[in-house]
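K.L.:
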């Protein structure tokens, strides 16, 4: 429990060191959308470079409960100032560029950042204008280009959607790194509420089921062996829990009682 | 090159078999946002259940160049109709439920679908209302619950953002599976001998089952709603095929006939 809280705290502090920088956004609604996307993934540092309209009620509206992120926004006149204190600067881009650049998918980039760390400095991730993205000049200020693998026939993610995917991948990568790190990882694949039925309980179920199938004349009407085999396969496939066996047997018992009347 | 085109085609056809179903969306802008999110990841089959406002110019505006997805939208009065032909039905949910259900993260779910295949039927992924998500009743119609790991302090993704993340993960998983695959063994996780039962076939089974439970006085003897919920979960997680549904319904019919004597 404590370990879990520690790991959550480590992830939170790593995410706090990531700055999202949006360059010349046109629509204030998108700024609000970015703020909300960030907060859902645990990020909170948003910088804007020459936004067309900000602050704006539409930004507030789309931010929903992430108004605290909006309230903390810093607005810059030039990109260099917005990223001045950052170590790694990454630029998101849909297009491939004339000059090849260190490029990673959102997932690959996030995994690398999660494992390598940020060298004690904030990291900036840049998003460009709704219509035209980042300029070549801006992209050349970046250590990395980050692409979101998308439909080749239509790869134009909305600005806030792109921010959502990138922030999501950053959180995922930190969760994965944190799970891989410490003790043997509780995996906790599925905390089921009831124990799985034992083989004996299942045998009891199948025995009663066969008796009922005879009583209701299902066995004569169909190819009996096939049917029970398929039912065994059905229930065997994923594991029936004790309560489920109890329910199924309760039904069969009621059938038997109803027939005896 | 040709291989790449083939793989792209395979991915496209797998994505085409995935239906996004939005239940009672309030804001037409979100419908447009979902359409755009889908198209950027190569999905195109969008169904709406009782949308508050649709069609609507705001949906068009937010869809940007994904108006073809909007044009093809089908609107349904009830959820059952929207998923009638589907095999796997997954419901997105932020909350954890009283009765644990087969649950996966968006990434885990996508990976599983990519490797296992869909048994020849469309798959539906349900998204709920902006304010309140899917109801418990709607979630109980799902084989799987899908969660997006988010900031525990603020996990409320906008509807279209959630759709973006899920669609993104589906595409990522298919890309990964296609890269891992090449020549040999198509993973063949599941070569089932019969097609999975459709949601309509399963609804028919549950309907008959409930009638029989009343007829045999099982419903009054136990806490009825819990029992049928648990049975839905049981069969939902097994992935019942058509022959198995036929067997189960055959049994129920024999019970009904035996009682009528």
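Residue numbers (this note's numbering), protein chains in the order written: chain C, 23 to 283; chain G, 23 to 283. All C-beta atoms in this analysis are idealised placements derived from N, C-alpha and C, irrespective of residue type, glycine included.
#1: Near residue 186 of chain G, which residues of its chain fall below 7 Å by C-beta distance, leaving aside the five closest residues on each side in sequence?
#2: Classify residue 97 of chain C: buried if its beta carbon has 16 or more other beta carbons within 10 angstroms, exposed otherwise.
#3: Quick one: does residue 48 of chain C have its CB under 8 Å from some CB of chain G?
#4: When burial is assigned at 16 or more other CB atoms within 10 Å of the CB, is residue 62 of chain G buried or exposed?
#5: Name the chain C residues that come within less than 9 Å of residue 193 of chain G, Cβ to Cβ?
#6: Taking Cβ-Cβ distances shorter than 8 Å, what residues in chain C pair up with residue 265 of chain G?
#7: Residue ranges of each alpha helix (DSSP H) run of no fewer than 4 residues wholly in the segment 116 to 201 of chain C, ordered along the chain?
#8: I'd like to know if the segment 115 to 134 of chain G and the segment 165 to 183 of chain G are in contact, where contact means that at least 3 CB-CB pairs between them fall below 8 Å.
#9: For residue 41 of chain C versus residue 69 of chain C, is the C-beta distance shorter than 8 Å?
#10: Per DSSP, what kind of secondary structure is residue 275 of chain C in: helix, strand or coil?
#11: For residue 205 of chain C, count neighbouring Cβ atoms within 10 angstroms of its own Cβ and tell me buried if that reaches 16, exposed if not.
#12: Using a Cβ cut-off of 7 Å, which residues of the segment 59 to 85 of chain C contact any Cβ in chain G, in chain order?
#13: Can the beta-carbon of residue 150 of chain C be found closer than 8 Å to that of residue 45 of chain C?
#14: Residues in its own chain within less than 6 Å of residue 213 of chain G by CB, not counting five upstream and five downstream?
#15: Would you kindly work out how many angstroms separate the C-alpha atoms of residue 145 of chain G and residue 111 of chain G, rounded to a whole number?
#16: List the residues of chain G that residue 180 of chain C touches, going by C-beta distances under 9 Å, in chain order.
#17: Please confirm if residue 131 of chain C has its CB atom under 8 Å from at least one CB of chain G.
#18: When DSSP labels each residue in this structure, what does residue 98 of chain C get in the three-state scheme?
#19: According to DSSP, which residues form a beta bridge with residue 41 of chain G?
#20: What residue range is occupied by the uninterrupted beta strand (DSSP E) comprising residue 113 of chain G?
#21: Can you pull the chain C neighbours of residue 269 of chain G, defined as C-beta to C-beta under 7 Å?
#22: Using the three-state DSSP reduction, which class does residue 78 of chain C fall into: helix, strand or coil?
#23: Does the segment 85 to 100 of chain G touch the segment 220 to 230 of chain C, meaning 3 or more C-beta pairs lie closer than 8 Å?
#24: Specify the secondary structure class of residue 107 of chain C as computed by DSSP and reduced to three states.
#25: Should residue 158 of chain G be labelled buried (16 or more other beta-carbon atoms within 10 Å of its own) or exposed?
#26: Quick one: give me the first and last residue of the alpha helix (DSSP H) that residue 88 of chain C is part of.
#27: Identify the residues that DSSP records as bridge partners of residue 218 of chain G: which are they?
#28: Using a Cβ-Cβ distance under 8 Å, would residue 208 of chain C count as near chain G?
#29: With 16 as the cutoff for other CB atoms within 10 Å, does residue 189 of chain C come out buried or exposed?
#30: Buried or exposed for residue 90 of chain G, going by 16 or more other Cβ atoms inside 10 Å?
#31: Taking its Cβ as the centre, do 16 or more other Cβ atoms sit within 10 Å of residue 28 of chain C, making it buried, or is it exposed?
#32: What three-state label does DSSP hand residue 283 of chain C in the structure shown?
#33: Compare the C-beta of residue 43 of chain C with all C-beta atoms of chain G and state if any pair is closer than 8 Å.
#34: So which residues on chain C does residue 29 of chain G lean against when the C-beta distance must stay under 7 Å?
#35: By alpha-carbon positions, which one of C:277, C:250, C:230, C:196 ends up nearest to residue 236 of chain G?
P.N.:
Reading from the atomic positions:
#1: Indexing the second chain from 1 puts residue 186 of chain G at position 164. 59.
#2: Within the first chain, numbered from 1, the residue matching residue 97 of chain C stands at position 75. Looking at its Cβ environment, which holds fewer than 16 other Cβ atoms inside 10 Å, residue 97 of chain C is exposed.
#3: Mapped onto the first chain, residue 48 of chain C falls at position 26. Answer no: the Cβ-Cβ gap between residue 48 of chain C and chain G never drops below 8 Å.
#4: Taking the first residue of the second chain as position 1, residue 62 of chain G is located at position 40. Residue 62 of chain G comes out buried.
#5: For the purposes of this step, residue 193 of chain G is taken as the residue at position 171 of the second chain. Residues of chain C passing the Cβ test: 171, 172, 173.
#6: Here residue 265 of chain G refers to the residue found at position 243 when the second chain is read from its first residue. Chain C residues near residue 265 of chain G: 252.
#7: 128 to 138, 158 to 161
#8: yes
#9: Numbered from 1 along the first chain, position 19 holds the residue referred to as residue 41 of chain C. Numbered from 1 along the first chain, position 47 holds the residue referred to as residue 69 of chain C. Yes, the Cβ-Cβ distance between residue 41 of chain C and residue 69 of chain C is below 8 Å.
#10: Indexing the first chain from 1 puts residue 275 of chain C at position 253. Helix, per DSSP.
#11: One-based indexing of the first chain puts residue 205 of chain C at position 183. Confidence is the limiting factor: at residue 205 of chain C the pLDDT is only 43, short of 50, which leaves the residue's position unreliable, though a coordinate-based value still follows. Its Cβ having fewer than 16 others within 10 Å, residue 205 of chain C is exposed.
#12: 59, 61, 62, 63, 64
#13: The residue given as residue 150 of chain C occupies position 128 in the first chain. The residue given as residue 45 of chain C occupies position 23 in the first chain. The answer is yes: Cβ separation under 8 Å.
#14: Against the second chain, residue 213 of chain G aligns to sequence position 191. Caution is warranted here: a pLDDT of 49 is assigned to residue 213 of chain G, below 50, making its placement in the model unreliable, and the coordinate value is therefore given only provisionally. Correct list: empty, nothing qualifies.
#15: Here residue 145 of chain G refers to the residue found at position 123 when the second chain is read from its first residue. Here residue 111 of chain G refers to the residue found at position 89 when the second chain is read from its first residue. Each residue's Cα considered, the two are about 6 Å apart.
#16: Position 158 of the first chain, counted from the start, is the residue given in the question as residue 180 of chain C. Within chain G, the residues near residue 180 of chain C are 55, 58, 59, 62, 84, 86, 182, 186.
#17: As a position in the first chain, residue 131 of chain C is number 109, starting the count at 1. By this cut-off, residue 131 of chain C is not an interface position.
#18: Position 76 of the first chain, counted from the start, is the residue given in the question as residue 98 of chain C. Reduced to three states, the DSSP call for residue 98 of chain C is strand.
#19: Here residue 41 of chain G is taken as the residue at index 19 of the second chain, counted from 1. Listed as beta-bridge partners of residue 41 of chain G by DSSP are G:67, G:146.
#20: Start at 1 with the first residue of the second chain, and residue 113 of chain G comes out as number 91. 111 to 114 is the extent of the beta strand (DSSP E) around residue 113 of chain G.
#21: Position 247 of the second chain, counted from the start, is the residue given in the question as residue 269 of chain G. Residues of chain C passing the Cβ test: 249, 252, 253.
#22: Locating residue 78 of chain C in the first chain gives position 56, counting from the first residue. Residue state, collapsed to three classes: coil.
#23: Touching, no.
#24: Position 85 of the first chain, counted from the start, is the residue given in the question as residue 107 of chain C. Coil at residue 107 of chain C, not helix or strand.
#25: Position 136 of the second chain, counted from the first residue, corresponds to residue 158 of chain G. Burial call: exposed.
#26: As a working mapping, residue 88 of chain C is identified with position 66 in the first chain. Segment: none, residue 88 of chain C is in no alpha helix (DSSP H) and carries neither H nor E.
#27: Position 196 of the second chain, counting from 1, holds the residue named residue 218 of chain G. G:263, per the DSSP bridge assignment.
#28: Indexing the first chain from 1 puts residue 208 of chain C at position 186. With a pLDDT of 37 at residue 208 of chain C, under the threshold of 50, the modelled position of this residue cannot be trusted; read the value that follows with caution. No, its Cβ sits nowhere closer than 8 Å to a Cβ of chain G.
#29: In the first chain, residue 189 of chain C corresponds to position 167, counting from 1. Buried.
#30: As a working note, residue 90 of chain G is residue 68 in the second chain. The residue is exposed, with fewer than 16 neighbouring Cβ atoms inside 10 Å.
#31: Residue mapping note: residue 28 of chain C aligns to position 6 of the first chain, counting from 1. Exposed is the call here.
#32: Looking up residue 283 of chain C in the first chain gives position 261. DSSP places residue 283 of chain C in coil when its eight states are reduced to three.
#33: As a position in the first chain, residue 43 of chain C is number 21, starting the count at 1. For residue 43 of chain C, the answer is no, since every Cβ of chain G falls outside 8 Å of its Cβ.
#34: If you number the second chain from 1, residue 29 of chain G lands on position 7. Near residue 29 of chain G there are no residues of chain C at all, since even the closest Cβ is about 12 Å away, more than 7 Å.
#35: Position 214 of the second chain, counted from the first residue, corresponds to residue 236 of chain G. Of the listed residues, the one whose Cα sits closest to residue 236 of chain G is C:277.
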